[in-house]
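In the numbering used here, the protein residues as written are 227 to 494.
Idealized CB from N, CA, C, for every residue including glycine.
The block underneath contains the structure these notes are about, expressed in structure tokens.
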Amino acid sequence: IPTPAWASKVFKDTANAEEAVAKLWQAIFSAVRIDEKNDPIEAWSKHTAFMKKATDFLNREKLVSLHYTNGLGTDLTVKLPEGHIWAGGAEIAADKVEFVANMPTEEVYSLPDRNGVDGVVYASKPLIYQGNVIDGIRLVFKEGKVVEYSATKGQEVLKQLLDTDDGAKHLGEVALVPYDSPISNSGILFYNTLFDENAACHLAFGKAYPTCLEGGEKMDTVELLQHGVNDSLVHEDFMIGTEDMEIVGTKADGSTVQIFTRGNFVEF
């Protein structure tokens, strides 16, 4: 719920806190497709149908890795473990009722092989961690682990995050978000990861979701690690997507599949 302090941080140039709160409410409604431009039920039906199409496409391709490149300098290869599952959008409850757990939600996500990330990646938006802003993040990965890092702002906070435990230096999530999405198009930085992560493709330091691996919810920590599933006390998303992001998937036979071009999903 918008507070005067939060709203005033997001909308710094407004005349007063009351106006800022009103603007933040409107921004939230737009982000979750509830505004005068949309029939919310129709908008969400179309949106969840698209996300299902995306997850079906990715699960069908059975990719072994993703290669990210963009103009910021990102050149990163992320290995995907055998049996990984792409998820996102609507879910089905135990009583067979379809629901959307998170609003907004733009991400289609899975888990990486914790030991299979190599290259360099640049964050495209600030990371807000425990109330601190970390900006200008650059990370170098080797065999899954962060071996070099820097930030133009908040580098000491970034160090503290990465030093939480061994798993914090590895990735636990890969998420694909079209650049052409409501939050991205708004140009608003919400200073709240649950909103800001839905503006761009992102990765996450730390713990992976076991449900993104076939049978993962039945495995203990040791078994999950054996399958390349990361474990940590933290799970912190950081945004890497840009309007020129290219993502190419590789299959087991060495063939490649274009996943993203110019910041958005290809036609599938």
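- For the 7 Å CB-CB criterion, Thr487 and Glu469 do not form a contact.
- By the Cβ-count criterion, Glu333 is buried, with 16 or more other Cβ atoms from all chains shown falling within 10 Å of its own Cβ.
- Contact between Ile466 and Tyr335 is ruled out by a C-beta separation of about 13 Å, above the 8 Å threshold.
- Collapsing the DSSP output to three states places Gln484 in a strand.
- Here the alpha carbon of Ala327 sits roughly 10 Å from the alpha carbon of Ile318.
- Under the DSSP definition of a beta bridge, Tyr435 lacks any partner.
- Within the stretch 321-388, the runs of beta strand (DSSP E) that reach at least 3 residues and sit entirely inside it are, in chain order, 334-336, 343-348, 353-355, 358-360, 364-368, 371-376.
- In this structure, Gly345 sits near Leu302, with a CB-CB distance shorter than 7 Å.
- By DSSP's assignment, Phe464 forms a beta bridge with Leu429.
- No residue range can be given for Ile227, since it is assigned to no alpha helix (DSSP H) and is classified by DSSP as neither H nor E.
- Contact between Lys433 and Gly393 holds: their C-beta atoms lie close to 7 Å from each other, under 8 Å.
- About 7 Å separates the CB atoms of Asn456 and Leu397; that is less than 8 Å, so the two are in contact.
- For Glu268, the enclosing alpha helix (DSSP H) starts and ends at 266-287.
- Leu429 has its alpha-carbon roughly 5 Å from the corresponding atom of Val400.
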